[in-house]
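Enquirer: Structure in structure tokens, see below.
Protein chains: 2
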Amino acid sequence: MSNYSLDLNIIFAALSDETRRAMIARLSRGAASVSELAAPHDMALPSIMNHLDRLEKAGLIETSKKGRVRFCRLSPKGIAPAQHWLAQQQQLWESRLDQFDDYIEQLAKDKSSET
Amino acid sequence: MSNYSLDLNIIFAALSDETRRAMIARLSRGAASVSELAAPHDMALPSIMNHLDRLEKAGLIETSKKGRVRFCRLSPKGIAPAQHWLAQQQQLWESRLDQFDDYIEQLAKDKSSET
């Protein structure tokens, strides 16, 4: 399996959890400390750290420590590979729907010129 | 948890597997029978059916039977909810990077007007 495929496996798996998506959405608005990220969730710190670890391993976030406080931010690469893959499929799918529309239109024209 | 969140959990989990992504990519190019979808994969039929079932439950594909042959195609709704979520985050993230650029530019201007 290519690195790109492995990356996508890990990124999509990381995004398949509501808490982790909420953390990404929060970080899209700016960097935050672990306590700030944990605040909206009724969850013990080890679970929070586990979610952040999954996001960091997927390359979606970066963390750094200042004194006793750990800060998180979205990684520059971030969700781009996942979005790129989805956009590619969506484009193919839409161009296929367009082709289908053209085909139906052509059928209708052929039908009307027959009469 | 909202239906939208549950849907996203299932969609992203469905996309976190290379075989299932290959099936989606194949179906982006047009409908296919189960055997056509199975052909590139060295996998027993029950595993193939299991993957297709995951994709169908996530609302990514639709299947229908003609005689003895089961056909699959991308569902019209398809990957749109996942792409919508990612695009939203990406936009927020990019606008934040822009704001940061503006901030740095402003700092540089302030600095040069000081001298």
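Protein chains in written order, with the numbering used here: chain Z, 351 to 465; chain V, 351 to 465. Glycine included, each C-beta is placed from N, C-alpha and C at the ideal position. Bear in mind the structure is a predicted one, so any value in this text is a computation, not a measurement.
1. Quick one: complete beta strand (DSSP E) runs, 3+ long, within the segment 396 to 444 of chain V?
2. Are any of the Cβ atoms in chain V nearer than 8 angstroms to that of residue 442(Z)?
3. List the whole-angstrom C-beta distance separating residue 436(Z) from residue 436(V), where the pair is believed to meet the contact cut-off of C-beta under 8 angstroms.
4. By the 10 Å Cβ neighbour count, where 16 or more other Cβ atoms means buried, how is residue 352(V) classified, buried or exposed?
5. Report the rounded CA-to-CA distance for residue 438(V) versus residue 396(Z), giving the unit in angstroms.
6. Is DSSP giving residue 378(Z) helix, strand or coil here?
7. Under 7 angstroms Cβ to Cβ from residue 499(V), same chain only, skipping five residues before and after it: list those, please.
8. Go ahead and pull the three-state DSSP assignment for residue 463(Z).
9. Suppose the cutoff is 6 angstroms on Cβ atoms and the five residues either side in sequence are ignored; what does the same chain contact list for residue 388(Z) look like?
10. In chain order, what residues of the same chain lie with their CB nearer than 7 angstroms to the CB of residue 377(Z), ignoring the 5 residues before and after it?
11. Tell me which residues share the same chain as residue 364(Z) and place their Cβ nearer than 7 angstroms to its Cβ, disregarding the 5 neighbours each side in the sequence.
12. Report yes or no: is there a C-beta of chain Z within less than 8 angstroms of the C-beta of residue 400(V)?
13. Beta carbons nearer than 9 angstroms to chain V: which residues of the segment 375 to 393 of chain Z have them?
14. Cβ of residue 371(V) within 7 angstroms of any heavy atom in the ligand ZN?
15. CB residue 419(Z) to CB residue 445(Z), shorter than 8 angstroms?
16. Taking residue 359(Z) and residue 367(V) to be in contact with their CB atoms under 8 angstroms, please state how far apart those CB atoms are, rounded to whole angstroms.
17. Relative to chain Z, which residues along the segment 405 to 417 of chain V have a C-beta separation below 7 angstroms, given in chain order?
18. Could you say which of 386(V), 442(V) and 430(V) lies nearest to residue 441(Z) if we only look at CA atoms?
19. In the structure shown, what three-state DSSP assignment does residue 385(V) receive?
20. Mind pulling the chain V residues with CB within less than 7 angstroms of residue 362(Z)?
21. Let me know the secondary structure DSSP gives residue 364(V) once reduced to three states.
22. Please compile the residues from chain V whose C-beta is within a distance smaller than 7 angstroms of the C-beta of residue 424(Z).
Expert: Looking at the coordinates:
1. 411 to 416 and 419 to 424
2. yes
3. 6 angstroms
4. exposed
5. 29 angstroms
6. helix
7. Outside the displayed span of chain V (351 to 465) sits residue 499(V), for which this structure offers no information.
8. helix
9. 398
10. 411, 422, 423 and 424
11. 370, 404, 405, 408 and 410
12. no
13. 375, 377, 378, 379 and 380
14. Questions concerning the ligand ZN fall outside what the structure shown contains, since it holds no ligand whatsoever.
15. no
16. 7 angstroms
17. none
18. 430(V)
19. helix
20. 362, 365 and 366
21. helix
22. 443
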